[in-house]
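Residue numbers (this note's numbering), protein chains in the order written: chain A, 158 to 796; chain B, 686 to 856; chain C, 95 to 199. In what follows, a single structure is set out as structure tokens and then discussed.
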């Protein structure tokens with residue numbers, strides 16, 4: 158078995174570039190800061206690739222299961238003998254896969270940002286935040302225990318907050334969006350924390366290896382005490398999933414994701430498409446044995462939340478006009494797929510098809526969604542607008558972007574032989590064998606996905622001949638090369654033998670394309686594309702007519718089913734008015750009143766006695782003389 | 686007989702001018718009345734045949750301190766100024782306290798009944814006093830003498846430092 | 095010792111002078127007159143020392159030297175006090191104690 162201690166460097170290099178750029182970045186030339194950040198991430202990427210190759214192939218003897226390895230661990234907080242928090246590096250199939258995903262996408266985004274952010278005032282700040290994010294995300298996936306994961310979980314939340322609010326000085330909406338993202342995810346993280354406490358209290362450990370051991374204490378105690386018909390383990394896992402749902406923008410915590418698109422587009426590509434938002438999927442995957450063997454009910458919740466979110470987001474995506482928001486809802490929909498795949502999966506061998514499919518889709522999705530976002534960034538860069546209505550007929554001006562965007566759209570639509578086809582097919586097969594209703598939903602979503610992606614594609618690159626103030630021009634090489642690399646990844650990632658590499662129990666299994674599921678899924682994708690082609694390839698009034706005939710549905714979907722309004726209603730009208738206001742009153746009048754009363758009494762007493770300290774010499778002298786006379790009287794004559 | 690008359694005269698001057706000193710509203714006059722009190726005290730010392738003490742009283746007290754006081758009065762107030770006094774209520778309270786204190790003390794003193802020493806009075810001359818002052822033998826006062834001289838030096842330096850204008854701080 | 099004049103006469107004069115000094119100290123508002131009251135008090139103590147020395151211990155010189163030292167101290171005190179008063183006058187443009195109450199509370 159190979160030595161993986163060097164993987165410790167993978168998160169640490171971005172950390173050091175973060176420190177360097179954060180502390181000294183403003184003194185550097187912007188291009189210098191960009192190069193430092195990019196080269197640091199490049200080094201991490203090389204290490205991650207070598208770790209992956211050595212873990213999956215060269216350092217691994219064929220035919221044996223993949224085991225999880227603690228490459229490095231130190232006790233960090235030694236609180237009591239039972240409660241010790243470690244920091245370390247855990248190497249197993251999913252963490253290695255995530256290393257590859259994160260470093261690849263992050264490196265592409267770094268390179269792309271050098272062109273995209275050119276001339277921006279906060280250039281070095283941007284790169285230092287990117288490094289901070291990369292560090293946090295890598296630390297998250299390498300966590301050896303759930304507490305370390307929680308720490309990095311919050312760190313990615315903070316980096317996301319900082320990067321969404323990156324344009325704080327010119328866009329108040331960015332500030333609002335960053336706060337919204339932070340508060341919503343933070344609220345969900347409260348569930349995560351409660352789940353961690355419940356789980357660890359029951360099992361006495363934070364450690365992932367112990368927790369996920371099929372014969373370990375977590376799963377052995379699965380039967381434990383029950384509350385509302387579900388065991389304690391189930392409840393704790395549901396709470397942990399709440400945290401995951403918050404980060405992964407699952408319904409009903411999805412409201413922050415569309416607003417997070419206020420951040421710079423490379424940030425959306427990195428954080429809000431490829432890496433951070435799949436942290437919830439990763440969390441469930443990380444604890445998957447506990448879910449599958451100890452609490453199938455919790456897994457059922459995961460499946461339905463995932464399935465519902467994917468449908469919900471897909472419907473909304475069909476009506477949005479801001480290209481980044483379409484992509485945001487698409488991301489939410491695809492993550493719903495992954496959650497659903499995990500939810501319908503079993504543990505071990507063929508049963509674990511959903512687990513494998515979920516990670517497979519995570520991998521391919523990271524590639525093609527990052528590509529879509531970076532492509533959208535190139536478009537926005539060219540036309541200086543996010544609105545689909547301001548675009549049209551751009552294929553002549555942006556040839557490279559056009560081709561790569563088309564590849565990404567075909568990939569997400571599940572057209573063979575692009576990678577999305579393989580991963581989505583595996584998910585549909587897993588759903589088909591588990592739950593026919595969920596399968597039907599996903600089948601519908603596959604069609605919707607193809608439809609709204611091609612609506613977007615035609616809206617940008619075909620459609621009406623928009624008149625532009627400045628002729629749009631293709632992005633510089635530094636931006637198009639990452640697009641091409643990611644397009645390459647999107648095309649060929651599907652041929653990776655995931656069923657041998659990333660499985661629920663580390664053992665590979667045979668998996669072939671199930672044509673009985675695959676052919677209809679391709680067909681519905683094609684149907685979606687065809688409908689989009691008819692409606693949007695040429696400018697026509699038909700989309701508006703259809704929207705008009707589906708008046709209410711369209712309006713509801715366009716307003717995102719009023720979930721934001723519901724949240725506002727609940728927070729403003731109910732929580733603020735009936736909980737916060739009385740609590741504030743209590744705080745202001747009772748708590749502050751007590752304190753003010755004590756202070757007031759002290760002041761009053763002080764005023765009462767301060768006359769004694771008048772500063773008037775003759776008063777002091779008078780008191781002194783009369784006191785002396787009285788004392789003499791008492792001690793000489795009276796006593 | 687003459688001695689008695691002289692004593693009563695001095696006593697009267699001391700008491701009257703003490704009262705005048707503390708109640709007059711004119712500061713400069715208060716200083717002059719104080720001078721009379723001090724001179725009369727020196728007279729009492731003479732009557733007790735403490736000539737050296739009387740001389741010191743005249744030169745240091747009457748000559749030095751009163752002149753210093755008069756200088757500072759002239760420096761800090763106008764001649765036409767009337768010194769502010771305490772309010773009626775405060776004056777009455779102060780008078781009450783002092784009268785009570787005086788009554789208490791006098792009662793104590795007068796009830797005690799001192800018995801005068803009937804021994805011989807050696808009538809020390811100035812030479813005897815001077816010799817004792819610088820003598821370091823038994824009944825010599827060389828150490829207090831030195832201590833007081835150091836105190837005077839310190840007071841002199843202190844007075845100069847305190848009264849000096851602080852040029853740097855003023856600006 | 096003075097013929098027909100008992101010690102208590104001296105003590106009475108000194109006591110009255112002492113309390114007159116205290117009265118002056120309590121009622122005066124001008125720092126210089128307060129200083130003069132203090133001189134009165136010191137002087138009354140001197141009379142006491144002299145009288146006790148003469149009437150009770152005529153062979154010794156303790157009272158004598160006490161007075162000398164008190165006079166020296168009084169001179170020093172007057173010098174320092176007047177220096178302070180002049181300084182106060184410079185800062186407050188007045189030597190009235192009622193104006194010098196910055197340190198109160």
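Ideal placement from N, C-alpha and C gives every residue a C-beta, glycine not left out. Computed from a prediction, not measured in an experiment: that's the story for all the values here.
Nearest to residue i (by Cα), restricted to the options the options
i	options	result
residue 518 of chain A	A:496, A:533 and A:664	A:496
residue 535 of chain A	A:555, A:225, A:278 and A:415	A:555
residue 287 of chain A	A:198, A:755 and A:623	A:198
residue 433 of chain A	A:320, A:717, A:221 and A:332	A:320
residue 781 of chain B	C:101, C:98, C:171 and C:114	C:114
residue 133 of chain A	A:687, A:168, A:792 and A:164	Since the first and last residues shown for chain A are 158 and 796, residue 133 of chain A lies out of range.
residue 143 of chain C	C:162, C:175, C:110 and C:184	C:162
residue 437 of chain A	A:795, A:294, A:668 and A:595	A:294
residue 792 of chain A	B:691, B:793, B:755 and B:845	B:793
residue 162 of chain A	A:245, A:185, A:174 and A:224	A:245
residue 817 of chain B	C:192, C:183, C:186 and C:155	C:155
residue 636 of chain A	A:537, A:602 and A:753	A:537
residue 552 of chain A	A:562, A:543 and A:341	A:562
residue 106 of chain C	B:791, B:721, B:847 and B:800	B:791
residue 772 of chain B	A:369, A:776 and A:699	A:776
residue 405 of chain A	A:493, A:302, A:707 and A:235	A:493
residue 445 of chain A	A:180, A:369, A:486 and A:785	A:369
residue 805 of chain A	A:459, A:557 and A:681	With chain A covering 158 to 796 only, the question about residue 805 of chain A has no answer from this structure.
residue 683 of chain A	A:401, A:573, A:626 and A:628	A:573
residue 679 of chain A	A:571, A:671 and A:703	A:571
residue 172 of chain A	A:575, A:196 and A:466	A:196
residue 549 of chain A	A:596, A:623 and A:334	A:623
residue 359 of chain A	A:741, A:789, A:398 and A:389	A:389
Delimiting residues of the beta strand (DSSP E) encompassing residue i
i	result
residue 229 of chain A	226-235
Limits of the unbroken alpha helix (DSSP H) element including residue i
i	result
residue 754 of chain B	751-761
residue 472 of chain A	453-474
residue 158 of chain C	156-186
residue 401 of chain A	389-404
residue 518 of chain A	510-540
residue 721 of chain A	720-725
residue 649 of chain A	634-649
residue 190 of chain C	Here residue 190 of chain C belongs to no alpha helix (DSSP H), and DSSP marks it neither H nor E.
residue 758 of chain A	749-767
residue 240 of chain A	Segment: none, residue 240 of chain A is in no alpha helix (DSSP H) and carries neither H nor E.
residue 823 of chain A	Residue coverage of chain A in this structure runs from 158 to 796, which leaves residue 823 of chain A outside it and unanswerable.
residue 709 of chain B	Per DSSP, residue 709 of chain B belongs to no alpha helix (DSSP H) and is neither H nor E.
residue 189 of chain A	187-210
residue 711 of chain A	708-715
Beta-ladder partner(s) of residue i, from DSSP
i	result
residue 260 of chain A	BP columns for residue 260 of chain A are empty, so no partner.
residue 612 of chain A	None; residue 612 of chain A has no bridge partner.
residue 247 of chain A	A:227
residue 364 of chain A	A:302
residue 544 of chain A	A:479
residue 122 of chain C	B:770
Within 7 Å of chain C by C-beta, residues of the stretch 688-711 of chain B in sequence order | From the stretch 688-711 of chain B, only 688, 689, 692, 696, 699, 700, 703, 704, 706 and 707 have a Cβ closer than 7 Å to chain C.
Residue ranges of each alpha helix (DSSP H) run of no fewer than 4 residues wholly in the stretch 765-850 of chain B, ordered along the chain?
-> Within the stretch 765-850 of chain B, the complete alpha helix (DSSP H) runs of at least 4 residues are 773-797, 811-819 and 827-848.
Considering only residues of the stretch 303-329 of chain A, which uninterrupted alpha helix (DSSP H) runs meet the minimum length of 4 residues and lie entirely inside it, listed in chain order?
-> With a minimum length of 4 residues, the continuous alpha helix (DSSP H) runs that stay inside the stretch 303-329 of chain A are 303-321.
Looking at chain A, which residues of the stretch 777-791 of chain B have a Cβ within less than 9 Å of any of its Cβ atoms?
-> Cβ contacts with chain A come from 778, 779, 781, 782, 783, 785, 786, 789 and 790.
Give, in chain order, every unbroken run of the alpha helix (DSSP H) that is at least 4 residues long and sits entirely within the stretch 669-696 of chain A.
-> Entirely contained in the stretch 669-696 of chain A, the alpha helix (DSSP H) runs reaching 4 residues are, in chain order, 672-693.
Chain B contacts from the stretch 125-141 of chain C (Cβ-Cβ distance under 8 Å) = Of all residues in the stretch 125-141 of chain C, the ones placed with a Cβ closer than 8 Å to any Cβ belonging to chain B are 126, 127, 129, 130, 131, 133, 134, 137, 140 and 141, in chain order.
Whole alpha helix (DSSP H) elements within the stretch 719-743 of chain B, 4-residue minimum = The DSSP assignment places complete alpha helix (DSSP H) segments of no fewer than 4 residues inside the stretch 719-743 of chain B at 736-741, in order along the chain.
Interface positions of the stretch 742-759 of chain B facing chain C (Cβ-Cβ less than 9 Å), listed along the chain = Taking 9 Å as the Cβ-Cβ cut-off against chain C, the residues of the stretch 742-759 of chain B that qualify are 742, 745, 746, 749, 750, 751, 753, 754, 756, 757 and 758.
May I ask you to list, following chain order, the residues of the stretch 167-196 of chain C that have a beta carbon less than 8 Å from some beta carbon of chain B?
-> The stretch 167-196 of chain C vs chain B, Cβ under 8 Å: 167, 168, 169, 170, 171, 172, 173, 174, 176, 177, 178, 179, 180, 181, 183, 184, 189, 190 and 192.
Looking at chain C, which residues of the stretch 762-775 of chain B have a Cβ within less than 8 Å of any of its Cβ atoms?
-> Hits within the stretch, in order: 762, 768, 769, 770, 771 and 775.
Where the stretch 769-792 of chain A meets chain B: residues whose CB sits under 7 Å from a CB there = Hits within the stretch, in order: 775, 779, 782, 783, 786, 789 and 790.
Could you please tell me which residues of the stretch 105-122 of chain C, in chain order, have their CB closer than 7 Å to any CB of chain A?
-> Interface annotation for the stretch 105-122 of chain C against chain A: 116, 119 and 120, criterion Cβ-Cβ distance under 7 Å.
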